[in-house]
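Visitor:
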Amino acid sequence: MLKQGDKFKDGKTGRIYTVSAVDQDSIILELEDGSHQAMPNRIKPKTSIRTLVSDRLMMLTALPSSF
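In our numbering, the protein residues as written are 120 to 186.
1) With a threshold of 16 other CB atoms inside 10 Å of the CB of Leu150, please say whether the residue is buried or exposed.
2) What do you get for Ile135, buried or exposed, if any count of 16 or more other CB atoms within 10 angstroms of its CB means buried?
3) If Asn160 and Val138 are in contact, beta carbons under 8 angstroms, what's the gap, nearest whole angstrom?
4) Under the three-state reduction of DSSP, which class applies to Lys128: helix, strand or coil?
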């Protein structure tokens, strides 16, 4: 399970993320540039963090930049 302060690197983009906060509903990630991003806390035991972050990034990049 993720906890505050955990760091990980996205294998596809090379970005490094730090977990800022975790609660029952969401995980708050801090990106290298200091910005924060929330994502649903729905990690299943067999789901790798790389897959989860990669899926989330694909969803984010599909949004218009003015969103």
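Beta carbons: idealized from backbone N, C-alpha and C, even for Gly.
Guide: On the basis of the data shown:
1) exposed
2) exposed
3) Incorrect: roughly 11 angstroms between the Cβ atoms, too far for contact.
4) strand
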